[in-house]
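Numbering (my numbering), first residue to last: 2 to 136.
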């Protein structure tokens, strides 16, 4: 790294430092999450983009804060299924490769447990690890 790069970094450090520091408060955390969204939107989501390393570091700081300050969200496999269905705008009838609409309804209401075949089908359908649906 050349002297010019170091000088430029030093001149802008007061703007860059908050992006590279572990948040100490909820306000710091919220500001970092908002800044991370901006970096990702500016190209940091692309691993080949120059901002990718900054986005990675900011993401690590967000995760560290969350692990230290936010309680884990208890979730079951059925909770995950509900979330995935809602976020992908998928209805019970759209999961015919998993089970009939009636069986899906029983799964969601807790009257049935997911079986191995259904877990595999859901894993493939939503491109998530099978462990998401296993309690």
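Yeah, the Cβ is synthetic: ideal placement off N, Cα and C, and Gly gets one too.
Taking its Cβ as the centre, do 16 or more other Cβ atoms sit within 10 Å of residue i, making it buried, or is it exposed?
i	result
residue 51	exposed
residue 6	exposed
residue 40	buried
residue 86	buried
residue 45	buried
residue 59	buried
residue 16	exposed
residue 4	exposed
Skipping 5 residues on each side, what residues in its chain have a beta carbon closer than 8 Å to that of residue i?
i	result
residue 62	21, 22, 23, 24, 33
Please name the residue, chosen from the options, that lies closest to residue i on a Cα-to-Cα basis.
i	options	result
residue 71	27, 5, 117	27
residue 68	79, 30, 36	30
residue 136	124, 77, 123, 126	77
Near residue i, which residues of its chain fall below 7 Å by C-beta distance, leaving aside the five closest residues on each side in sequence?
i	result
residue 119	99, 100
residue 122	98, 99
Which same chain residues, not among the five before or five after residue i, have their C-beta less than 6 Å away from its C-beta?
i	result
residue 127	85
* To do: Any chance you could list the alpha helix (DSSP H) runs of at least 4 consecutive residues sitting entirely within the region 48-95, in chain order?
  => 53-70, 78-88
* Give, in chain order, every unbroken run of the alpha helix (DSSP H) that is at least 4 residues long and sits entirely within the region 98-130. => 102-110, 117-127
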